[in-house]
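Notes for the one structure printed next.
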Amino acid sequence: MRALSHVYIRSGVDRYKMDVAVYAIVFLVHFSVVLFTVGLIVFLVPVNSVVAWLTGAALVIFGLIYLVASIIPLFENSCPYRSPLTHMLASVCWLILRGLSSSVWLCIRIVRWVSQLFVAILIRVQYLEWYTARRLYKGISKFGGHLKFAVVYPTYTSRRAYLQQYPRLVTGISNSASHFESIWVYTSRQMLINPDNNALRELLQATFGILESIAVVDTRLKCIEYLSRDMRLARRLYDCNVVRGQLGSTQADLELRVASTKMLCLLLQRRYTAKNMRRVEGDAVNDKVAIDIEKPTSITGYHLASLFFLIGHSQNTDCNEAKFARLARIFLFQLRWFLLAEERKSTTIQVGVISPATTCYQNFFADKCGAALAETKDRDWWPLLTLDKCDTLDGPGALLLLLNSWQYNAVDSTPGRRQIDRHWMVEDTGSCLVPVHDGACCKNRDELLEDLIWKYGKLWPQRESLCDITKYIRRSGERRVPSAEFRRILCDTGLEEWLDPLNDRYELPPPSSAHGSLFAHRISFGSMLTFGDALRTITRSVDFTSDNPVKVEAVGHTDFKLPLAGPSTITRATVIEQELARTIESVDSMCEADEQSYKPGLEEVGTEVKGKGKATEETSHRPL
């Protein structure tokens, strides 16, 4: 509220032209001094002419100094000696030079028009320019200072009218990144120093409200990027969530943990997008960290340590904290998908170069590190590990690997899986996410290391965001056997009918139900895609008809539907289609090598393949 008051006062200063009023007051003071000087000379002349001349000479010298000091800024922009006379002279000179320049160029155009008739006589007149006037005009135009006498009388505003205009003023203030920075500076200065957790909770919630009120996306991203560079906020979140230990289970503590998780996921998205993504030291260089280890620490290290403490602590999955778990899963879902898209954009295959994911695996999942963590029997040591080895999380893929691992993400992992074992970090290489396919592509963490994104699974799109996942499924048509966990999820959410291969999967629970409200929720701002649409598209990428993977070409279809034939018929048709595609591709390559010699062979093979496809089609439609 204090920051909004400061910004409101600043907006009033701009609205009522406070700078013009100050210049006008100074001008009146100087003008009164000039009038007093003239009156003094007029008074002294009849009294004593000698005294009048001496006083006049001294005043003339002082006036010349004042005049020179006022004229210098017209030619030198960096000169700080500016007075009301400077603004007046600038305005007068600007008007004179503007009119003079227009008249000169008008004369030149007239002369040029006349010179077309008398080229031999007036040929040099075409190049006339007034260099001195143009140079002085450019200098004054750069100065840009004009004394304007505007109405500076503010209208009276009652308290009721002020309260009615206050939301509009706050919305107008928050539409500018500079105004948001002013709000944050004036607010965080007191609330981040306050050791009370309620102050931090109120600060985060108020910040979310201001960010959500910003309609311009670029302005909102600038504000979030400004927050991601704030070391005080990073240290305060780290001190509140990690150093002071686990928060309580009260409503205020749960709201603080939810707000902290949301803010950390939001800041990490901007940190992994900025140019200077890693090692932004700021004032943390050679500073003593809260764990009494004197070493340089980056802002991102504090963010990572706080996030992994919030999502890695065992109590975060208790039944009485189901609200935090549900909200945290949504925030982590947004962060994981962002990291997946960013990794696909930034990853380049280089021979002999160790990827960040491999380095991350060696530091966070190696036998030595896992044994050390198991011997400590203390899960609170995890955030200190991420704080100490934050350099290994240099890419989005490395952080994505930790977020998908149940050892570091207890919010998404199944209960009872985090048993204490000496090799608990190494032996179980599964993911904390619900596997869609019944295979290593969705169940084994080691499958991510060979080719992080390309081997992440055949489900996710390689180049599009989540909003374009439907287009990817239509193009690829890759479908595999579903896992038992994915079937159980569909049954628990009331979507048993989706297990039927012939179901169109358009029916969802009503929005009034618990699962229906989640399915109707939009995934991101400005997108019409909901969680129900995403789950429907994911379900269409799974084969419910047989235990063998089936690939169906769905290019160009708006709706992905299974054929009405049985499993055996689908398999035979698919095999013939694959043989047909491979044959045509091989023939095309042969034709490119030697088009003349292989042209008859192409026609024969095409005729033979078409005949085989027609025979297969007749067999597939034959009644069983």
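The number in this note's numbering is simply the position in the sequence shown, starting from 1, with 243 added. Glycine residues also receive a C-beta, built at the ideal position from the N, C-alpha and C atoms.
- Task: Spell out a yes or no on whether the region 441-452 and the region 501-510 are touching, meaning 3 or more CB-CB pairs, one atom from each, closer than 8 Å.
- Result: yes
- Task: Give the single residue among 580, 461, 458, 456 whose Cα lies nearest to the Cα of residue 511.
- Result: 580
- Message: In whole angstroms, give me the CA-to-CA distance for residue 475 and residue 435.
- Response: The straight-line gap separating the alpha-carbon atoms of residue 475 and residue 435 is approximately 7 Å.
- Within-8 Å CB hit, residue 674 to chain B: Although the question refers to chain B, the structure presented lacks it and comprises just one protein chain.
- Item | Straight-line gap, residue 325 to residue 279 (C-alpha atoms, nearest Å) | 22 Å
- Message: Checking the sheet assignment: what are the DSSP bridge partners for residue 680?
- Response: 725
- Task: Can you tell me which of the three DSSP states residue 648 falls into?
- Result: Looking at residue 648 - three-state DSSP - the assignment turns out to be strand.
- Which word fits residue 350, buried or exposed, when buried means at least 16 other C-beta atoms lie within 10 angstroms of its C-beta? exposed
- Reduced DSSP category for residue 883 - H, G, I as helix; E, B as strand; rest coil: Summary: the structure shown does not reach residue 883, with the chain confined to residues 244 through 867, and so no result is reported for it.
- Message: I want to know whether the region 300-316 touches the region 336-352 - three or more CB-CB distances under 8 Å.
- Response: Not touching, per the Cβ criterion.
- Coarse secondary structure for residue 419, derived from DSSP in three states: coil
- Assuming residue 555 contacts residue 652 under a Cβ cut-off of 8 Å, what Cβ separation, rounded to an integer in Å, is found between them? So it is a contact: roughly 7 Å between Cβ atoms.
- Message: Measuring straight from C-alpha to C-alpha, what distance separates residue 495 and residue 477?
- Response: 20 Å
- Query: Hey, out of 739, 745, 744, 787, whose CA is closest to residue 752's CA?
  - Reply: 739
- Round the Cβ separation of residue 582 and residue 643 to the nearest angstrom and send it over; I've been treating them as touching at under 8 Å. Taking C-beta atoms under 8 Å as the contact rule, residue 582 and residue 643 qualify, at a distance of about 4 Å.
- Identify whether residue 479 lies in helix, strand or coil by the three-state DSSP scheme. helix
- Exposed or buried, what is residue 437 when buried is set at 16 or more other beta-carbons lying within 10 Å of its beta-carbon? exposed
- Item | Local Cβ density within 10 Å of residue 585, reported as buried at 16 or more and exposed below that | buried
- Query: Based on Cα-Cα distance, which residue from 467, 346, 654 lies nearest to residue 454?
  - Reply: Residue 454 has its Cα closest to that of 467, out of 467, 346, 654.
- Message: Does residue 656 pass the burial test, meaning 16 or more other C-beta atoms within 10 Å, or should it be called exposed?
- Response: buried
- Message: Counting C-beta neighbours from all protein chains within 10 Å, is the total for residue 493 16 or more, i.e. buried, or is it exposed?
- Response: Per the 10 Å Cβ criterion, exposed.
- Query: So the alpha helix (DSSP H) residue 455 belongs to, where does it begin and stop?
  - Reply: 440-456
- Per-residue DSSP class, three states only, for residue 503: helix
- Query: Quick one: what's residue 674 bridged to in DSSP?
  - Reply: 648
- Query: Going by Cα to Cα distance, which pick from 290, 482, 328, 779 is closest to residue 307?
  - Reply: 328
- Message: So, for residue 479: in the same chain, excluding its five sequence neighbours on each side, which residues have a beta-carbon less than 8 Å away from its beta-carbon?
- Response: 435, 443
- Task: Return yes when the Cβ of residue 762 is within less than 8 Å of the Cβ of residue 775, no when it is not.
- Result: yes
- Assigned secondary structure, residue 782 (DSSP; H/G/I helix, E/B strand, else coil): Three-state result, residue 782: helix.
- Task: Drop a sphere of 10 angstroms on the beta-carbon of residue 749, count the other beta-carbons inside from all chains shown, and report buried for 16 or more, exposed for fewer.
- Result: exposed
- Message: Using DSSP's beta-bridge definition, name the partner residues of residue 765.
- Response: 773
- Item | Pair within 8 Å by beta-carbon distance, residue 654 and residue 568 | yes
- Task: Pull up the CB-CB distance for residue 730 and residue 682, whole angstroms please, since I reckon it's below 8 Å.
- Result: So it is not a contact: roughly 14 Å between Cβ atoms.
- Message: Given this structure, state the Cα-to-Cα distance separating residue 262 from residue 268, to the nearest angstrom.
- Response: 10 Å
- Query: In angstroms, rounded to a whole number, what distance separates the CA positions of residue 813 and residue 460?
  - Reply: Low confidence applies to residue 813: its pLDDT is 33, below 50, so where it sits in the model is not reliable, and the reading given next is rough at best. About 48 Å.
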